[in-house]
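*Asks:*
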């Protein structure tokens with residue numbers, strides 16, 4: 001970077017007067033002095049005019065105690081010094097003008113440099129505040145996302161708690177009469193066995209006429225069917241309790257395959273007759289989790305798959321362990337997921353069904369639950385058709 005000379009520097013002759021102006025001065029002085037006049041620079045070199053060769057006298061042009069040049073003329077020395085004083089005053093005036101001009105220029109340059117520095121500082125400050133604003137905006141959006149997620153989780157937890165309370169109440173109300181019914185059916189079986197022993201005490205023709213052999217055989221079958229029905233009701237209640245995890249409110253080791261089987265039993269009655277549910281469950285290690293929440297996530301995914309296949313199709317549930325993760329896949333033979341829809345299926349309130357067809361929160365809640373467990377959930381269209389949702393949970 002070049003350094004400009006200061007306003008208080010020592011001037012040279014060429015900075016104070018041009019050769020053309022110096023020639024004009026030489027002409028005017030020659031007319032006054034009657035001899036040719038030359039202007040020499042500080043080194044004695046002719047700057048303007050014609051220097052005489054014989055009888056030349058020099059008079060210094062002094063500024064700030066130092067000569068910046070000389071007047072040369074073959075004339076009276078006193079007259080030449082007087083002319084030099086006149087020229088000196090002109091040069092001094094120009095020197096002062098240059099000094100003021102340079103001072104002003106230096107001030108302008110200093111102000112400009114200061115403004116540039118301030119502008120650069122302002123730009124840097126703007127960039128910093130812009131970056132801070134972007135960071136703040138990102139943090140606000142993240143906090144809003146977290147708050148929305150927590151609200152959904154709280155809503156889901158309250159919903160699960162309500163389901164759990166309902167399941168506990170239903171289980172209690174059903175299990176008590178089921179115990180009576182099952183006990184009475186067992187007693188009835190013993191009574192039938194005792195009644196069969198009366199055959200030898202009743203005349204054969206009366207026994208046959210009353211067709212008591214058929215009655216005893218049919219009644220025994222009716223009792224067996226009733227006991228099977230009671231067992232089925234008890235199993236449904238057990239599956240409902242297992243699904244809602246009313247007995248498991250805290251994080252603990254859970255059998256994921258067992259939960260998936262209970263879940264299948266719960267939704268079996270929801271599917272249309274033309275829909276087939278299949279499962280391919282591989283052995284899994286126990287998983288530390290909130291089993292009721294995971295059940296809700298898997299239920300939401302399965303219900304979504306059932307809605308996708310409509311009145312006919314197949315929904316397949318698979319599970320496997322892959323070293324450090326448990327992987328659960330839900331496949332369906334529905335129409336698949338369009339490419340333009342795929343990026344949004346986990347967004348809150350996003351649904352492709354019409355008004356009243358769904359809240360658009362099922363997969364969102366499933367995603368939140370899976371993420372809470374440190375897992376991942378993805379969706380894709382299968383090459384052979386239909387959709388696949390994959391859940392990976394760390395062990």
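Numbering (the UniProt record's numbering), first residue to last: 1 to 395.
For every residue, glycine included, the Cβ atom is placed at its ideal position computed from N, Cα and C.
1) Closest by CA to residue 173, which one among 265, 209, 234, 286?
2) Do you know offhand how far residue 392's Cα is from residue 182's?
3) Output the distance between the C-alpha atoms of residue 222 and residue 266, rounded to the nearest integer angstrom.
4) Do residue 103 and residue 68 have their beta-carbon atoms positioned less than 8 Å apart in this structure?
5) What separation, rounded to the nearest whole angstrom, lies between the Cα atoms of residue 348 and residue 148?
6) How many whole angstroms separate the CB atoms of residue 302 and residue 256, which I take to be in contact at a CB cut-off of 8 Å?
7) Taking the runs of the beta strand (DSSP E) that are 3 residues or longer, which of them lie wholly in the stretch 8–55?
8) Note down, in chain order, each residue of its chain lying with its Cβ closer than 6 Å to the Cβ of residue 356, except the 5 sequence neighbours on either side.
9) Check this for me: beta carbons of residue 52 and residue 35, under 8 Å apart or not?
10) Give me the DSSP bridge partner(s) of residue 70.
11) Could you say which of 78, 300, 106, 285 lies nearest to residue 264 if we only look at CA atoms?
12) What is the C-beta distance between residue 369 and residue 317, in whole angstroms, given that I count them as a contact (C-beta under 8 Å)?
13) When the Cα atoms are used, what is the spatial distance from residue 78 to residue 15?
14) Which whole-angstrom value describes the C-beta separation of residue 385 and residue 336, a residue pair presumed to lie in contact below a C-beta threshold of 8 Å?
15) Nearest-angstrom Cα distance between residue 312 and residue 277?
16) Where do the ends of the beta strand (DSSP E) carrying residue 384 lie?
17) With a CB to CB cut of under 7 Å and the five nearest residues on each side skipped, what residues in its chain are close to residue 17?
18) What are the partner residues of residue 390, as DSSP defines its beta bridges?
19) State the beta-bridge partners of residue 396 as determined by DSSP.
20) Tell me which same chain residues have a C-beta within less than 7 Å of the C-beta of residue 309, skipping the five on either side of it?
21) Return the CA-CA distance between residue 319 and residue 281, expressed in angstroms with no decimal places.
22) Which residue comes first and which comes last in the beta strand (DSSP E) that contains residue 252?
23) Hey, could you find the ends of the beta strand (DSSP E) residue 287 is sitting in?
24) Ordered along the chain, which non-local residues of its own chain (more than five positions away) have a Cβ less than 7 Å from that of residue 50?
25) Using the rule of at least 16 other Cβ atoms within 10 Å of the residue's Cβ for burial, across every protein chain shown, is residue 63 buried or exposed?
26) Where do the ends of the alpha helix (DSSP H) carrying residue 363 lie?
27) According to DSSP, which residues form a beta bridge with residue 318?
28) What is the C-beta distance between residue 395 and residue 291, in whole angstroms, given that I count them as a contact (C-beta under 8 Å)?
29) Taking only the alpha-carbon atoms, compute the straight-line gap between residue 66 and residue 19 and give it to the nearest angstrom.
30) According to DSSP, is residue 93 helix, strand or coil?
31) Starting from the Cα of residue 86, find the closest Cα among 98, 70, 74 and give me that residue.
32) Below 6 Å CB to CB, which residues in the same chain sit around residue 58 once its five sequence neighbours on both sides are set aside?
33) Residue 97 to residue 135, Cα distance in whole Å?
34) Taking 7 Å as the cut-off, is the C-beta of residue 15 nearer than that to any heavy atom in the ligand ATP?
35) When DSSP labels each residue in this structure, what does residue 217 get in the three-state scheme?
36) What whole-angstrom Cβ distance do residue 283 and residue 254 have, given they're in contact under 8 Å?
*Replies:* Short version:
1) 234
2) 42 Å
3) 26 Å
4) no
5) 9 Å
6) Rounded, the Cβ-Cβ distance is 14 Å, inconsistent with contact.
7) 37–41, 46–49
8) Low confidence applies to residue 356: its pLDDT is 44, below 50, so where it sits in the model is not reliable enough to give any reading.
9) yes
10) 40, 60
11) 300
12) The pair is not a contact, with the Cβ atoms about 17 Å apart (cut-off 8 Å).
13) 27 Å
14) 6 Å
15) 11 Å
16) Element bounds for residue 384: n/a, residue is neither H nor E.
17) 91, 94
18) 329, 378
19) Residue 396 cannot be examined here, being either before or after the span of the chain that is shown, 1 to 395.
20) 275, 315, 332, 333, 334
21) 5 Å
22) 252–254
23) 287–289
24) 36, 38
25) buried
26) 362–372
27) 280, 329
28) Residue 395 to residue 291, Cβ: 15 Å. No contact.
29) 21 Å
30) helix
31) 70
32) 70, 72
33) 56 Å
34) For the structure depicted, the ligand ATP is absent and the ligand set is empty, with no information on it obtainable.
35) helix
36) Contact flag wrong, Cβ pair sits at about 15 Å.
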